[in-house]
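**Q** 37 is the number of the first residue of the sequence shown in my numbering; add one for each residue after it.
C-beta: ideal position from N, C-alpha, C; glycine also.
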Amino acid sequence: MPYGIAASHMAGKSATDKIFGAAAAANAAKAKIGKENVVDATIGVLLDNSEKLVILPTVEKVYKSLPMAEIVPYAGIAGMPDFLEMVQVAAFADNKPEAYTKAVSTSGGSGAIHHTIWNYSEVGDTILTHDWYWDPYSVLSDALMRKLDTFSLFDEANKFNIKSFESKVNELLAKQTNLVVILNTPAHNPVGYSLSDTEWDQVLAVLKKAKPEKKITLFVDVAYLDYAGEKNESRAFMKKFGGLPENILVIIGYSMSKGYTVYGMRTGAMIGISSSQDVITEFANVNQYLSRATWSNINRGAQHLLSAIYKDAATQAELEKERASFYKMIAERASLFTAEAKEAKLNMLPYIAGFFLSIPARNPDAVCTRLHADNIFAVPLAKGVRVAVCALPAGKIKGVPTKIAQAMAEA
Ligand code: PLP
37 MPYGIAASHM AGKSATDKIF GAAAAANAAK AKIGKENVVD ATIGVLLDNS
87 EKLVILPTVE KVYKSLPMAE IVPYAGIAGM PDFLEMVQVA AFADNKPEAY
137 TKAVSTSGGS GAIHHTIWNY SEVGDTILTH DWYWDPYSVL SDALMRKLDT
187 FSLFDEANKF NIKSFESKVN ELLAKQTNLV VILNTPAHNP VGYSLSDTEW
237 DQVLAVLKKA KPEKKITLFV DVAYLDYAGE KNESRAFMKK FGGLPENILV
287 IIGYSMSKGY TVYGMRTGAM IGISSSQDVI TEFANVNQYL SRATWSNINR
337 GAQHLLSAIY KDAATQAELE KERASFYKMI AERASLFTAE AKEAKLNMLP
387 YIAGFFLSIP ARNPDAVCTR LHADNIFAVP LAKGVRVAVC ALPAGKIKGV
437 PTKIAQAMAE A
């Protein structure tokens with residue numbers, strides 16, 4: 037290994053991001069043959085049908101109206117009090133569970149995952165998530181000296197694989213006292229799946245069977261919540277988090293990145309939900325403490341942005357209308373893709389909503405490289421190919437599923 041002086045627990049580590057690699061290849065092709073001739077399905081942000089970055093107009097208007105004195109000062113370590121209240125309104129809408137709840141501001145959804153892993157699992161423990169997952173879960177687990185294990189997200193019928201979930205939960209609970217489970221729903225990245233009401237009941241039934249001395253934290257990653265469908269329908273599952281046993285803490289990982297198109301402003305929150313007042317007081321304390329030790333405080337302007345929108349019913353309604361139109365835009369793209377995939381006999385995983393859809397493949401790297409010859413760029417994942425419908429204009433979708441099917445046959 038080359039000479040280095042990093043501490044032993046970090047020696048040799050570097051983040052290799054396949055997404056940036058695929059995006060670089062797409063950019064090189066654009067420079068060579070022109071943007072209009074390239075299908076770039078690598079980008080993880082919302083682009084409109086002329087491939088321009090979407091900035092939600094209400095977000096821009098409200099943010100630009102904030103006085104500098106509300107943008108540049110420090111925010112409290114836990115977060116601005118208004119934000120901590122309003123972020124719960126934004127996250128739950130009419131589905132606040134019957135439970136104690138508290139929010140702590142975080143550096144986006146990533147920060148919420150970071151705090152959850154550090155504060156609710158022991159060093160050396162295994163974190164559990166589904167086998168299709170957002171790659172940083174593994175980097176976060178590894179950097180924080182935990183392992184990551186997976187259950188199969190889907191069964192043979194392409195429904196949530198509750199048997200695999202139950203068997204992994206039981207296997208890990210037999211070995212460790214604390215268990216952090218990360219579920220990314222609704223509008224999962226990279227598949228676009230959302231757990232149904234019944235599937236949620238099954239998940240909670242499994243966790244409720246754990247012995248009371250086991251400490252379970254269910255982290256629900258809702259990064260794509262605002263593009264998951266009708267506001268209250270897509271949040272209805274949150275009501276189920278009321279009345280759970282005291283050894284189960286639910287944490288909603290709330291991100292402003294997509295829902296407000298403020299990806300680089302690094303703002304979000306973790307919202308703790310518990311039947312125990314003590315668990316929620318501890319939640320506020322340990323997470324605030326870790327924030328102090330990690331990033332101090334969070335972007336004040338972005339916190340004000342959210343509070344200003346949610347304190348005013350008309351502004352909130354405006355923003356929701358804008359999100360609804362972009363939800364529709366993505367849904368149209370996904371249905372064009374899905375319809376052609378069916379004709380081309382391309383085996384797509386069940387897409388319901390969200391920025392991405394995925395196609396299982398035995399050799400994803402070879403498939404993506406083969407697609408470069410057709411000027412199509414997608415992201416190779418461990419188990420398949422990810423297509424960013426958030427960034428792919430409707431006019432460029434025709435022919436893409438057929439070409440992916442051909443590449444799968446040839447690669
Ligand atoms: N969770 C998932 C599944 C994501 O795709 C992302 C962002 O891409 C995040 C969480 C976190 O986003 P951020 O840290 O920008 O809020």
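(1) Whose beta carbon lies closer than 6 Å to any heavy atom of ligand 1, going through the chain in order?
(2) In angstroms with no decimal places, state the Cα-to-Cα distance between V98 and K204.
(3) Let me confirm a value: K251 is counted as buried when at least 16 other C-beta atoms fall within 10 Å, else exposed. Which label applies?
(4) Is the beta carbon of G336 less than 8 Å from the beta carbon of P109?
(5) Below 8 Å on the Cβ atoms is my guess for L92 versus E358; work out the distance and round it to an integer in Å.
(6) Among the residues of its own chain, which have a CB less than 6 Å from the CB of V322, if the five just before and after it don't count?
(7) When burial is assigned at 16 or more other CB atoms within 10 Å of the CB, is V159 buried or exposed?
(8) By DSSP, does N411 sit in helix, in strand, or in coil?
(9) From D84 to N206, what does the alpha carbon distance come to, in whole angstroms?
(10) Rounded to whole angstroms, what's the CA-CA distance from Y229 to A370? Just pull it up for me.
(11) Residues in its own chain within less than 6 Å of L183 by CB, not counting five upstream and five downstream?
(12) By alpha-carbon positions, which one of A380, I395, K347 and R271 ends up nearest to H132?
(13) Could you tell me the boundaries of the beta strand (DSSP E) in which I252 lies?
(14) How close, in whole Å, do the beta carbons of K138 and A418 come, if the pair is a contact with beta carbons under 8 Å?
(15) Between F391 and T78, which are expected to be in contact by the criterion C-beta below 8 Å, what is the C-beta distance as a whole number of angstroms?
(16) Provide the residue span of the alpha helix (DSSP H) that contains V322, from first to last.
(17) So H166 is in the beta strand (DSSP E); what residue range does that whole segment cover?
(18) Would you say the beta carbon of S174 is closer than 7 Å to some non-hydrogen atom of ligand 2?
(19) Three-state secondary structure (DSSP) at F362?
(20) For the 8 Å Cβ check, are there 3 or more pairs between the region 369-385 and the region 37-52?
(21) Considering only residues of the region 113-180, which uninterrupted alpha helix (DSSP H) runs meet the minimum length of 4 residues and lie entirely inside it, listed in chain order?
(22) With DSSP as the reference, label K183 as helix, strand or coil.
(23) From which residue to which residue does the alpha helix (DSSP H) around G300 run?
(24) Are the beta-carbon atoms of I440 and L407 separated by less than 8 Å?
(25) Quick one, which of L243, Q352 and T213 has its alpha-carbon nearest K199's?
(26) From the DSSP output, read off the bridge partner residues of M306.
(27) Among residues of its own chain, excluding the 5 on either side of V5, which ones have a beta-carbon nearer than 7 Å to its beta-carbon?
(28) In this structure, how does DSSP classify N73 when only helix, strand and coil are distinguished?
(29) Is there contact between the region 110-117 and the region 272-289, where contact requires at least three CB pairs shorter than 8 Å?
(30) For A409, is the classification buried or exposed, using 16 other Cβ atoms within 10 angstroms of its Cβ as the cut-off for buried?
(31) Look at the alpha carbon of Q212 and the alpha carbon of V415, and state the distance between them as a whole number of angstroms.
(32) With DSSP collapsed to three states, give me the class of R271.
**A** Let's see:
(1) By the rule of a C-beta closer than 6 Å to any heavy atom of ligand 1, the residues picked out are G80, G144, G145, S146, W170, N220, N225, D257, A259, S291, S293, Y299 and G304.
(2) One C-alpha to the other measures close to 46 Å.
(3) Buried, because 16 or more other Cβ atoms sit within 10 Å of the Cβ of K251.
(4) Looking at the sequence itself, residue 336 is Arg, so the reference to Gly does not match. A contact, by the Cβ cut-off of 8 Å.
(5) Right, their Cβ atoms sit about 5 Å apart.
(6) Result list for V322: N155, in chain order.
(7) Under this definition V159 is an exposed residue.
(8) The DSSP-derived three-state label of N411 is coil.
(9) D84 and N206 have their alpha carbons spaced roughly 45 Å apart.
(10) Computed Cα separation, rounded: 12 Å.
(11) A small correction: the amino acid at residue 183 is Lys; Leu does not occupy that position in the sequence shown. Excluding sequence neighbours, K183 sits near T162.
(12) Note on identity: in this sequence residue 132 is Lys, with His being the wrong assignment. Restricting attention to A380, I395, K347 and R271, the CA atom closest to the CA of K132 is found in R271.
(13) Per DSSP, I252 belongs to the beta strand (DSSP E) from K251 to D257.
(14) Not confirmed; about 36 Å, so no contact.
(15) Actually they are not in contact, since the Cβ atoms of F391 and T78 sit about 12 Å apart, beyond 8 Å.
(16) In the DSSP assignment, V322 falls within the unbroken alpha helix (DSSP H) covering Q313 to T330.
(17) For H166, the enclosing beta strand (DSSP E) covers residues T162 to H166.
(18) No copy of ligand 2 occurs in the structure displayed; its ligands are ligand 1 alone.
(19) Correct three-state label for F362: helix.
(20) Judged by pairs of C-beta atoms under 8 Å, the region 369-385 does not touch the region 37-52, as fewer than three such pairs exist.
(21) You should have 117-128, 144-156 and 172-179.
(22) Residue state, collapsed to three classes: strand.
(23) From DSSP, G300 is part of no alpha helix (DSSP H); its letter is neither H nor E.
(24) Going by C-beta atoms, I440 is nearer than 8 Å to L407.
(25) Scanning L243, Q352 and T213 for the CA closest to the CA of K199 turns up L243.
(26) V140 and G289, per the DSSP bridge assignment.
(27) This structure gives no information on residue 5, because the portion of the chain shown stretches from 37 to 447.
(28) N73 sits in a helix when the DSSP states are folded into three classes.
(29) No, they do not touch.
(30) Under this definition A409 is an exposed residue.
(31) One Cα belongs to Q212, the other to V415, and the distance between them is close to 35 Å.
(32) R271 falls in the helix class under three-state DSSP.
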